[in-house]
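To keep things clear, I will list the structure first and then write my remarks on it.
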Amino acid sequence: MVQLFSLIAAIAASVLPNTVAAVGLDEAALAKGLLYFGSATDNPELTDVPYLTQLSNIADFGQITPGNSQKWDTTEPTQGTFSFTKGDVIADLADANGQYLRCHTLLWHQQLPSWLTSGTWTNATLIAVLQNHITNVVTHYKGSCIHWDVVNEALNEDGTYRTNIFYETIGESYIPIAFAAAAAADPDVKLYYNDYNLEYGGNKAAGARAIVQLVMNAGIQIDGVGFQGHFEAGTVPGKSSLVSVLQSFTALGVEVAYTEVDVRIQLPTSATTLAQQSTDFQNLVQSCVETIGCVGFTIWDWTDKYSWVPSVFSGYGAALPWDENFVKKPAYDGLLKGMGVTSTTTATTSTSATTTSTTTTSTATAAHWSQCSGNGWTGSTVCASPWSCTYQNDWYSQCL
Ligand code: 9MR
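Residue numbering for the sequence shown follows full-length UniProt numbering, starting at 1 and increasing by one per position.
Printed below as a string of structure tokens:
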């Protein structure tokens with residue numbers, strides 16, 4: 001079915017006229033057969049009206065994820081007492097905007113309430129606590145979520161299990177137990193395992209595939225694996241190796257999605273690092289487009305103003321496609337390009353999506369950062385002044 005939709009989208013794309021009206025990120029994603037292009041968000045920033053306006057721009061975002069407000073410390077701050085106020089604000093926003101909601105996350109070793117981390121638990125009492133938490137949270141959001149990240153970051157970098165409170169007390173069976181509780185509470189939502197650094201393949205990806213098999217072999221529902229996609233510019237694997245890793249998961253019978261993508265840059269940024277970041281975003285999204293069973297792509301918020309990166313990676317930032325003043329960066333065009341849209345972005349604010357126009361004719365002048373040459377390139381080869389067409393590789397030259 002996904003294959004058929006991709007084929008139809010590809011045929012439709014090939015017969016579209018050269019000049020197409022403004023295309024946003026979600027519109028480009030849908031045209032390529034993905035379910036959505038989305039962004040994380042968080043409650044405090046929703047009071048920033050220009051921020052909220054762009055988050056609600058469904059040309060760019062067909063999906064949102066609460067970055068914090070569905071985590072255990074927020075939803076069950078006291079044992080047995082649930083609070084959904086913050087999560088509901090974001091669920092209601094998605095509903096009002098007609099956006100999908102990715103729900104995040106039920107079990108994680110971080111952002112746990114102190115009653116849980118400082119409690120004394122046996123195998124049986126912790127299983128009961130875990131099941132009660134998942135049952136209550138999933139039941140509350142039943143019908144609202146397209147996906148639940150059921151278990152988050154259960155692995156060390158070498159693919160062994162992380163020693164969190166659940167693993168230490170219950171052993172690896174805490175994972176199928178969590179998926180079973182979620183499936184029982186909402187049989188219709190897709191259930192995901194979610195982690196970072198799976199994109200490189202290797203031991204950690206092997207560990208994640210083992211988790212998929214562990215749950216499947218227990219006869220329990222698992223539908224997808226989330227590739228968080230937190231990177232430093234220049235460290236993103238090439239597109240074909242990304243596709244191979246994604247396919248190593250879809251071959252098991254699960255879907256995949258990029259769930260938290262950002263590409264941090266050592267500050268201050270330069271034209272070179274911003275161009276690298278654009279290429280990285282392009283390869284990431286294109287690897288999803290080229291993988292049957294990759295359903296969507298989510299960035300971990302859309303503006304550098306609200307990125308988690310600078311607070312954790314000292315000296316790094318600028319990780320998202322819009323800067324802290326909501327100006328689109330080259331990464332925005334990279335994302336469009338990765339989804340088959342060649343554009344010149346003249347927009348300077350988030351609300352001016354209509355100033356982004358596709359220019360697939362060869363007569364237009366290519367703007368700063370745009371592609372201007374490469375094998376198979378049919379667009380403009382003339383850069384707007386003062387930029388010149390700079391060779392990157394046989395497939396890609398850029399106006400720099
Ligand atoms: O974006 C979240 C940030 O606001 C929190 O302070 C942080 C706490 O660890 O969690 C961030 O989101 C994380 C996500 O839930 C799981 N993957 C890594 C994300 C970045 O830390």
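All residues carry an ideal CB built from backbone N, CA and C; glycine is no exception.
Owing to the predicted nature of the structure, the values given are computational and were not obtained by experimental measurement.
- Checking the DSSP bridge columns, you'll see V151 partnered with L107 and Y193.
- Beta bridge pairing from DSSP links F297 with F37 and Y258.
- Only residues of its own chain outside the window of five on either side were considered, and among them K204 have a CB closer than 6 Å to the CB of N197, listed in chain order.
- Non-local C-beta neighbours of Y316 in its own chain, meaning closer than 8 Å and more than five positions away in sequence, comprise E232, R264, I265, Q266, L267, V309 and P310, ordered along the chain.
- Taking C-beta separations shorter than 6 Å and ignoring five residues to either side along the sequence, the partners of Y167 in its chain run Y161, following chain order.
- When C-alpha distances from P66 are compared across T342, A40, T74 and L336, the shortest belongs to A40.
- Taking D158 as reference, the option from L55, A210 and Y306 with the minimal CA-CA separation is A210.
- Close CB contacts of G143 within its chain, under the 8 Å cut and outside five residues either way in sequence, are with D186 and D188 (chain order).
- DSSP places Q99 outside any alpha helix (DSSP H), giving it a letter other than H or E.
- Here A181 is buried: its Cβ has 16 or more other Cβ atoms, across all protein chains shown, within 10 Å.
- When I299, L112 and N97 are compared, the shortest CA-CA separation from N164 is found for L112.
- The beta carbon of M339 lies closer than 7 Å to those of A28, A29, K32, V285 and V289 in the same chain, with the five residues before and after it left out.
- Distance between T139 and G224, taken at the CA atoms: about 20 Å.
- Counted as a single uninterrupted DSSP element, the alpha helix (DSSP H) harbouring G334 occupies residues P330 to G338.
- T381 has its alpha-carbon roughly 44 Å from the corresponding atom of A208.
- In this structure, G293 places its C-beta atom within 8 Å of the C-beta atom of V256.
- Taken through DSSP and simplified to helix, strand or coil, E199 comes out as helix.
- The beta carbon of T105 is closer than 6 Å to those of D149 and N152 in its chain, skipping five residues each way along the sequence.
- Annotated as distal: L130 and L155, with beta-carbon spacing of 8 Å or more.
- Residue R102 holds the alpha-carbon nearest to the alpha-carbon of I299 among I222, Y200, R102 and A124.
- Bounds of any beta strand (DSSP E) do not take in F326, whose DSSP letter is neither H nor E.
- For the pair S248 and D60, the Cα-to-Cα distance works out to about 29 Å.
- With fewer than 16 other CB atoms across the displayed protein chains lying within 10 angstroms of its CB, S114 is exposed.
- At a threshold of 7 Å, D42 counts as near the ligand 9MR, since its beta carbon sits closer than that to one of the ligand's heavy atoms.
- Here the C-alpha atom of P44 lies approximately 12 Å from the C-alpha atom of K305.
- Nearest C-alpha to I220 among I177, T259 and G229: I177.
- Relative to the non-hydrogen atoms of the ligand 9MR, the Cβ of H109 never comes closer than 7 Å to any of them.
- Measuring C-alpha to C-alpha distances from T117 to each of L93, N136, E76 and Y100 identifies E76 as the nearest.
- The alpha-carbon separation between N132 and A251 amounts to approximately 33 Å.
- The shortest C-alpha to C-alpha distance from I90 to any of I64, G80 and S83 is the one to I64.
- The beta carbon of V254 sits closer than 7 Å to the beta carbons of V212, I222, D223, G224 and V225 from its chain, once the five residues preceding and following it are set aside; these are given in chain order.
- Counting of Cβ neighbours within 10 angstroms places G80 among the exposed residues, the total staying below 16.
- Inclusion of V295 and L25 in the CB contact set at 8 Å is not warranted, their separation being larger than that value.
- Counting only the Cα atoms, W121 lies some 43 Å from F281.
- Between K329 and W72, the alpha-carbon positions lie close to 34 Å from each other.
- The Cβ-Cβ distance between T279 and Q228 does not fall below 8 Å.
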